[in-house]
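Numbering (the working numbering), first residue to last: 6 to 489. All residues carry an ideal CB built from backbone N, CA and C; glycine is no exception. All values derive from a computational prediction rather than experimental measurement. Inspection log for the structure reproduced underneath, given as structure tokens.
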Amino acid sequence: MSADTKILPSRSAPAGNRPGSGRTVMLVVVLVAELMNALDGSVVYTALPSIQHDTGASGAAVQWIHAAYALTFALGLMTGGRLGDLYGRKRLFLLGIGVFTAASLLCGLADAPTLLIAARFVQGSAAAVMIPQVLATLHVTFDEGSRAKAFSLYGTIMSLGSVAGPVLGGVLTSADVFGLGWRPIFLINVPLGLAAVLLGLRYLPESRDLAARRLDLAGMVLAGSGLLLIAYPLTVGGAHQWPAWSFLMMAGGLSTLAVFVVQQRARAARGRDPLVVLELFKSRAFAAGLSAQLVFGLLSGVFFLAWTVFMQDGLGLSPRQAATGFAAASVGEMAGAWLAMSLAGRHGRRAPQAGALLAVVALGGYAWLIAEQSTGLSLVSAVVPMLPVGLGLGMIGAALADMTLRQVGHDHAGSASGLFNTSTQLGIALGTALTAVVFFAHSPAGSHGTTVTAAFTGTLWYVVAALLAMWVLMLLLPKRHATD
């Protein structure tokens with residue numbers, strides 16, 4: 006453990022100091038928080054038609070019900086991670102999950118689109134404070150021997166939640182629990198959040214960077230502005246047919262981030278605390294892992310959105326039937342995560358690389374099958390390939406967090422965690438935006454049948470190319486764990 010980082014004493018005997026059940030409860034608490042966030046990022050997809058009908062939301066309002074969460078979450082992650090380093094990760098985690106739970110209740114009670122969108126903004130902001138503390142707490146609490154398994158579980162939950170969200174949204178909305186319609190997709194967070202707060206108070210260890218002194222406000226403004234200028238047009242530009250202002254905003258965002266890097270270097274040179282510790286990027290494993298995670302988010306954003314449209318508009322399946330495909334992918338991801346946990350310690354980067362190649366082969370076969378059978382593809386033939394696809398993606402997601410953050414010092418765990426999560430969210434936003442180019446450009450709104458299946462087949466080759474790019478990036482990750 007770094008000399009500047011310490012797990013602070015607590016009257017409740019924190020889990021980091023107690024083997025057995027205490028540490029298990031701590032792990033469950035932080036993973037439940039990650040699951041809540043992952044689900045809320047995607048659970049609204051299948052519920053949006055019901056929300057629009059019930060609240061009278063316009064098309065633009067429906068878009069913002071999803072975008073409000075995604076934008077505020079992506080923008081706040083770096084700051085949220087650094088706040089944990091400065092003021093205590095347990096404190097920030099409990100604050101974040103408490104506000105997240107209250108905002109979820111407000112979402113479930115909202116009777117107008119404006120209130121729901123406002124609550125989603127609060128939800129995303131709270132998640133940006135809460136989520137960086139999850140990885141950082143795992144990083145500083147678990148020793149070398151058990152950290153890989155904890156990180157693998159984190160990667161599994163993150164991937165599983167994003168895939169299972171549309172399934173849960175469809176099931177809960179269709180079930181119409183107590184006549185509440187779509188509202189349980191948010192209200193389910195309330196008991197989970199309250200339980201996490203109560204258990205977190207007792208079992209979470211407190212930790213922070215004792216050498217850090219104050220927050221970099223100028224860095225916050227520059228980083229937030231730069232990310233907003235990139236993330237906003239990525240989120241809404243497609244709905245406006247990519248006007249010139251969307252590209253100008255992204256160019257402005259890149260320029261702002263360049264200024265941010267210069268400002269961070271200057272601040273560090275003066276001996277002051279930067280928002281982002283740029284020394285982290287001197288680690289080849291960290292830089293490569295962050296890049297690979299960005300590509301992983303990108304290909305996930307492209308594939309799952311296009312695949313959802315293909316299943317329903319291409320093959321004519323019902324939302325409930327399409328949900329079986331998500332279930333198959335979820336089962337595959339859980340199996341892949343278990344496999345990665347058992348292999349990563351001995352084989353290092355070869356485990357996620359094998360997952361990438363497995364997904365490449367499975368998607369290549371899927372593309373050939375669709376090209377051969379087109380709209381005649383049966384439900385079983387459409388769903389079964391998602392098992393090996395999920396298996397490969399699970400092997401990647403479960404290993405990347407550990408291999409990216411393993412060599413990061415405990416004192417910079419929050420900053421590194423915020424960067425890791427930011428790369429994921431920006432990748433997903435970029436991937437979602439790219440569907441307008443690689444999928445929807447060949448399958449305009451209202452298309453059905455062979456037009457959609459042909460567009461999806463073409464999209465699969467872009468996903469395959471992204472997986473191969475990930476495989477190359479992972480050559481820069483450690484061949485095996487340093488302790489082996």
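Euclidean distance between Cα positions of residue i and residue j
{"i": "T84", "j": "T409", "result": "19 angstroms"}
{"i": "M254", "j": "I235", "result": "7 angstroms"}
{"i": "V264", "j": "G224", "result": "10 angstroms"}
{"i": "V443", "j": "L384", "result": "24 angstroms"}
{"i": "A470", "j": "F315", "result": "20 angstroms"}
{"i": "T178", "j": "Q68", "result": "18 angstroms"}
{"i": "I401", "j": "F291", "result": "15 angstroms"}
{"i": "L295", "j": "L82", "result": "14 angstroms"}
{"i": "Y159", "j": "L143", "result": "9 angstroms"}
{"i": "Q326", "j": "A117", "result": "30 angstroms"}
{"i": "A141", "j": "R94", "result": "8 angstroms"}
{"i": "L40", "j": "I102", "result": "12 angstroms"}
{"i": "L199", "j": "L100", "result": "12 angstroms"}
{"i": "A421", "j": "L285", "result": "7 angstroms"}
{"i": "F425", "j": "W187", "result": "32 angstroms"}
{"i": "A356", "j": "S379", "result": "33 angstroms"}
{"i": "V145", "j": "S251", "result": "40 angstroms"}
{"i": "L165", "j": "V35", "result": "15 angstroms"}
{"i": "G454", "j": "M475", "result": "32 angstroms"}
{"i": "L473", "j": "H447", "result": "24 angstroms"}
{"i": "A52", "j": "R219", "result": "42 angstroms"}
{"i": "A438", "j": "L368", "result": "21 angstroms"}
{"i": "A62", "j": "V226", "result": "32 angstroms"}
{"i": "V176", "j": "T119", "result": "25 angstroms"}
{"i": "V366", "j": "R96", "result": "45 angstroms"}
{"i": "M5", "j": "A376", "result": "Since the displayed the chain opens at 6 and closes at 489, residue 5 lies outside it and no answer follows."}
{"i": "P390", "j": "G321", "result": "18 angstroms"}
{"i": "L80", "j": "V282", "result": "17 angstroms"}
{"i": "A249", "j": "F445", "result": "19 angstroms"}
{"i": "W247", "j": "G370", "result": "33 angstroms"}
{"i": "P210", "j": "A73", "result": "32 angstroms"}
{"i": "F331", "j": "W466", "result": "20 angstroms"}
{"i": "T456", "j": "T440", "result": "15 angstroms"}
{"i": "R207", "j": "S230", "result": "37 angstroms"}
{"i": "L32", "j": "A372", "result": "39 angstroms"}
{"i": "P137", "j": "Y92", "result": "13 angstroms"}
{"i": "G4", "j": "A66", "result": "An answer regarding residue 4 cannot be provided, because it is not within the stretch 6 to 489 covered by the chain."}
Short Cβ contact (9 angstroms threshold) for residue i with residue j
{"i": "Q430", "j": "S288", "result": "no"}
{"i": "L262", "j": "A311", "result": "no"}
{"i": "L204", "j": "V30", "result": "yes"}
{"i": "G360", "j": "A404", "result": "yes"}
{"i": "V307", "j": "V48", "result": "no"}
{"i": "S260", "j": "F191", "result": "no"}
{"i": "L303", "j": "I433", "result": "yes"}
{"i": "D508", "j": "A418", "result": "What is shown of the chain runs 6 to 489, which leaves residue 508 out entirely."}
{"i": "L480", "j": "Q298", "result": "no"}
{"i": "L1", "j": "I193", "result": "An answer regarding residue 1 cannot be provided, because it is not within the stretch 6 to 489 covered by the chain."}
{"i": "D318", "j": "R277", "result": "no"}
{"i": "S3", "j": "G46", "result": "Nothing can be reported for residue 3, as the shown portion of the chain is limited to 6 through 489."}
{"i": "G399", "j": "A333", "result": "no"}
{"i": "V336", "j": "L392", "result": "yes"}
{"i": "V202", "j": "L478", "result": "no"}
{"i": "A115", "j": "T161", "result": "no"}
Integer-rounded CB distance, given that residue j should sit under 8 angstroms from residue i
{"i": "A132", "j": "F98", "result": "11 angstroms between Cβ atoms; not a contact."}
{"i": "G113", "j": "T77", "result": "Wrong, their Cβ atoms sit about 19 angstroms apart, outside the cutoff."}
{"i": "A43", "j": "M163", "result": "5 angstroms"}
{"i": "G397", "j": "L348", "result": "No, G397 and L348 are not in contact; Cβ-Cβ is about 13 angstroms, not under 8 angstroms."}
{"i": "R354", "j": "K154", "result": "Wrong, their Cβ atoms sit about 17 angstroms apart, outside the cutoff."}
{"i": "G423", "j": "R87", "result": "7 angstroms"}
{"i": "V195", "j": "A38", "result": "Not quite, the Cβ-Cβ distance comes to about 14 angstroms (not below 8 angstroms), so this is no contact."}
{"i": "T240", "j": "A75", "result": "6 angstroms"}
{"i": "D407", "j": "R28", "result": "Contact doesn't hold; Cβ gap of about 17 angstroms is too wide."}
{"i": "V388", "j": "T329", "result": "5 angstroms"}
{"i": "L482", "j": "A293", "result": "6 angstroms"}
Residue i, buried or exposed, once every other Cβ within 10 Å from all chains shown has been counted against 16
{"i": "F183", "result": "exposed"}
{"i": "P171", "result": "buried"}
{"i": "P189", "result": "buried"}
{"i": "V127", "result": "buried"}
{"i": "S212", "result": "buried"}
{"i": "G174", "result": "buried"}
{"i": "V267", "result": "exposed"}
{"i": "D181", "result": "exposed"}
{"i": "H71", "result": "buried"}
{"i": "P238", "result": "buried"}
{"i": "E338", "result": "buried"}
{"i": "P14", "result": "Reliability fails at P14, whose pLDDT of 41 lies under 50, so the model's placement of it is uncertain and the value that follows must be treated cautiously. P14 is exposed by the Cβ-count criterion."}
Short CB-CB distance (under 9 angstroms) between residue i and chain C
{"i": "Q268", "result": "As a matter of chain content, chain C is missing from the structure shown, which is built from one protein chain."}
Does the region 269-278 come within contact of the region 460-476, defined as at least 3 CB pairs closer than 8 angstroms? The region 269-278, when compared against the region 460-476, does not touch it at the 8 angstroms Cβ threshold.
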